[in-house]
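K.L.:
Those protein sequence lines, which keep their order, are chains H and R.
Our numbering numbers the first residue of the first sequence as 1 and each following residue consecutively.
Our numbering numbers the first residue of the second sequence as 1 and each following residue consecutively.
From the three backbone atoms N, C-alpha and C, an ideal C-beta is built for every residue, glycine too.
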Amino acid sequence: KAGVTQTPRYLIKTRGQQVTLSCSPISGHRSVSWYQQTPGQGLQFLFEYFSETQRNKGNFPGRFSGRQFSNSRSEMNVSTLELGDSALYLCASSQGWGNEQFFGPGTRLTVL
Amino acid sequence: DQQVKQNSPSLSVQEGRISILNCDYTNSMFDYFLWYKKYPAEGPTFLISISSIKDKNEDGRFTVFLNKSAKHLSLHIVPSQPGDSAVYFCAASGDRKTSYDKVIFGPGTSLSVIP
Numbered sequence: 001k002a003g004v005t006q007t008p009r010y011l012i013k014t015r016g017q018q019v020t021l022s023c024s025p026i027s028g029h030r031s032v033s034w035y036q037q038t039p040g041q042g043l044q045f046l047f048e049y050f051s052e053t054q055r056n057k058g059n060f061p062g063r064f065s066g067r068q069f070s071n072s073r074s075e076m077n078v079s080t081l082e083l084g085d086s087a088l089y090l091c092a093s094s095q096g097w098g099n100e101q102f103f104g105p106g107t108r109l110t111v112l
Numbered sequence: 001d002q003q004v005k006q007n008s009p010s011l012s013v014q015e016g017r018i019s020i021l022n023c024d025y026t027n028s029m030f031d032y033f034l035w036y037k038k039y040p041a042e043g044p045t046f047l048i049s050i051s052s053i054k055d056k057n058e059d060g061r062f063t064v065f066l067n068k069s070a071k072h073l074s075l076h077i078v079p080s081q082p083g084d085s086a087v088y089f090c091a092a093s094g095d096r097k098t099s100y101d102k103v104i105f106g107p108g109t110s111l112s113v114i115p
C-alpha cells in the first residue's frame, strides 16, 4: 500500500505570495490532518478534514486554509506569505481520530 | 499555553543503556497518548500508544508508562541502539465523543544514542 505523498517537497516563495501544498493520503483513509513544524515548536496542528469537511481547526490565522476532495486528497493554501511561515508542513492521514496517523515526508517552505 | 510538554529538548544515552523520554500534559480530557519518532527529512512515524485505561504498554524494546494522576507519561527504550537516534514526539488526543478530539503534539525531544 502506498504511503502518504506530499507535493512539492521543497518550495521557495517571497513575502506576499500565496502557495498551495498537496497531500494524497493512504488509500482508504478519510481523515487528513495538516501540521506546521518549526524548530522548538514541535508540530502545530493546522486543521483536519474528514469526508471533505473541516472537522477541527488549530489556532492559525485565516491566511491558512485547506480543502479536501471526494477522493480524500487534500490541499492547503497559505495566502499573503510572511517570513514566519517558513516551516516544514506535514500532512497525515488516518482512518479516523484516535487512530494512528501516517505522515508524509513534508513540504519544506521557505519564504524570502 | 502548551498542553503537551516535553521539557527535555535533548537527551544523550550510551548504546545498550536505557533511554527515558518524558512527557507531561495539562488537559485532563486527554485519554489517548501516542509517541512518534522522526528522522531528518522524513515525516514522523508512529511508535507506540497507550489508552488512559492502561498504565503500561509494551512493544519490543519500547514501553510507555502512563501516570494519570500526575498527568505524566514516559517512553522507555531498552536497550538503546544508535538507530534510535531521532526526535521523539509525544502526542495526546481526547475521546471522539468529546470536543477534545484534536491530536496535540509536544515540542519533541532529540535523542542521541552514542555507540
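1) Within 10 angstroms of its Cβ, does residue 89 of chain H collect 16 or more other Cβ (buried), or is it exposed?
2) Beta-carbon of residue 100 of chain R versus every beta-carbon of chain H: anything under 8 Å?
3) What in chain H is Cβ-close to residue 107 of chain R, meaning under 9 Å?
4) Kindly identify the DSSP beta-bridge partner or partners of residue 20 of chain R.
5) What does residue 28 of chain H touch in chain R if you count any residue whose Cβ is under 9 Å from its own?
6) By the criterion of Cβ-Cβ separation under 7 Å, what are the contact partners of residue 26 of chain R in chain H?
7) Rounded to whole angstroms, how far is the Cβ of residue 79 of chain H from the Cβ of residue 18 of chain H, which I believe are closer than 8 Å?
8) Would DSSP call residue 59 of chain R helix, strand or coil?
9) Rounded to the nearest angstrom, what separates residue 84 of chain R and residue 16 of chain R at their Cα positions?
10) If I follow the unbroken beta strand (DSSP E) through residue 17 of chain H, where does it start and stop?
11) Would you say residue 72 of chain R and residue 31 of chain R are within 8 Å of each other, going by their C-beta atoms?
12) With distance defined between alpha-carbon atoms, name the residue in H/70, H/9, H/16, H/11 nearest to residue 82 of chain H.
13) How far does the beta strand (DSSP E) with residue 10 of chain R in it extend, from its first residue to its last?
14) Output yes if chain R places a C-beta closer than 8 Å to the C-beta of residue 50 of chain H; else output no.
15) Tell me the rounded alpha-carbon separation between residue 12 of chain R and residue 22 of chain R.
16) Between the alpha carbons of residue 7 of chain R and residue 25 of chain H, how many angstroms are there, rounded?
17) Among residues of its own chain, excluding the 5 on either side of residue 34 of chain R, which ones have a beta-carbon nearer than 7 Å to its beta-carbon?
18) Whose CA, out of R/112, R/27, R/37, R/54, lies closest to the CA of residue 102 of chain R?
P.N.:
Let me spell this out:
1) On the first sequence, position 89 is the one that residue 89 of chain H refers to. That one is buried.
2) Along the second sequence, one-based indexing puts residue 100 of chain R at 100. Because residue 100 of chain R sits at a pLDDT of 45, beneath the cut-off of 50, its placement in the model cannot be relied upon, and the following sentence gives the value as read from the coordinates. Chain H contact via Cβ: absent.
3) For the purposes of this step, residue 107 of chain R is identified with residue 107 of the second sequence, where counting begins at 1. Under the 9 Å cutoff, chain H gives 40, 41, 42, 43.
4) Locating residue 20 of chain R in the second sequence gives position 20, counting from the first residue. DSSP lists R/76 as partners of residue 20 of chain R.
5) As a first step, residue 28 of chain H must be located in the first sequence, where it is residue number 28. Result: empty, since nearest Cβ-Cβ is about 17 Å, beyond 9 Å.
6) By one-based count along the second sequence, residue 26 of chain R stands at place 26. Result: empty, since nearest Cβ-Cβ is about 15 Å, beyond 7 Å.
7) Position 79 of the first sequence, counted from the start, is the residue given in the question as residue 79 of chain H. Position 18 of the first sequence, counted from the start, is the residue given in the question as residue 18 of chain H. Confirmed, Cβ separation roughly 4 Å.
8) Position 59 of the second sequence, counting from 1, holds the residue named residue 59 of chain R. Strand at residue 59 of chain R.
9) Within the second sequence, residue 84 of chain R is the residue found at index 84, counting from 1. Within the second sequence, residue 16 of chain R is the residue found at index 16, counting from 1. Distance between the alpha carbons of residue 84 of chain R and residue 16 of chain R is about 11 Å.
10) Sequence index remark: in the first sequence, residue 17 of chain H carries index 17 (1-based). Neither: residue 17 of chain H is in no beta strand (DSSP E) and is coded neither H nor E.
11) Numbered from 1 along the second sequence, position 72 holds the residue referred to as residue 72 of chain R. Numbered from 1 along the second sequence, position 31 holds the residue referred to as residue 31 of chain R. Contact flag unset, no.
12) Locating residue 82 of chain H in the first sequence gives position 82, where the first residue counts as 1. Among H/70, H/9, H/16, H/11, the Cα nearest to that of residue 82 of chain H belongs to H/16.
13) Taking the first residue of the second sequence as 1, we reach residue 10 of chain R at position 10. From DSSP, the beta strand (DSSP E) with residue 10 of chain R extends over 10-14.
14) Within the first sequence, residue 50 of chain H is the residue found at index 50, counting from 1. No, no contact with chain R.
15) On the second sequence, residue 12 of chain R is found 12 positions in, with the first residue counted as 1. On the second sequence, residue 22 of chain R is found 22 positions in, with the first residue counted as 1. Cα to Cα, residue 12 of chain R sits roughly 14 Å from residue 22 of chain R.
16) Taking the second sequence and counting its residues from 1, one reaches residue 7 of chain R at position 7. Taking the first sequence and counting its residues from 1, one reaches residue 25 of chain H at position 25. Approximately 32 Å between the Cα atoms of the pair.
17) Your numbering for residue 34 of chain R matches position 34 in the second sequence. Counting only Cβ-Cβ distances below 7 Å, and skipping sequence neighbours, we find 46, 49, 91.
18) As a first step, residue 102 of chain R must be located in the second sequence, where it is residue number 102. Ranking R/112, R/27, R/37, R/54 by Cα distance to residue 102 of chain R puts R/27 first.
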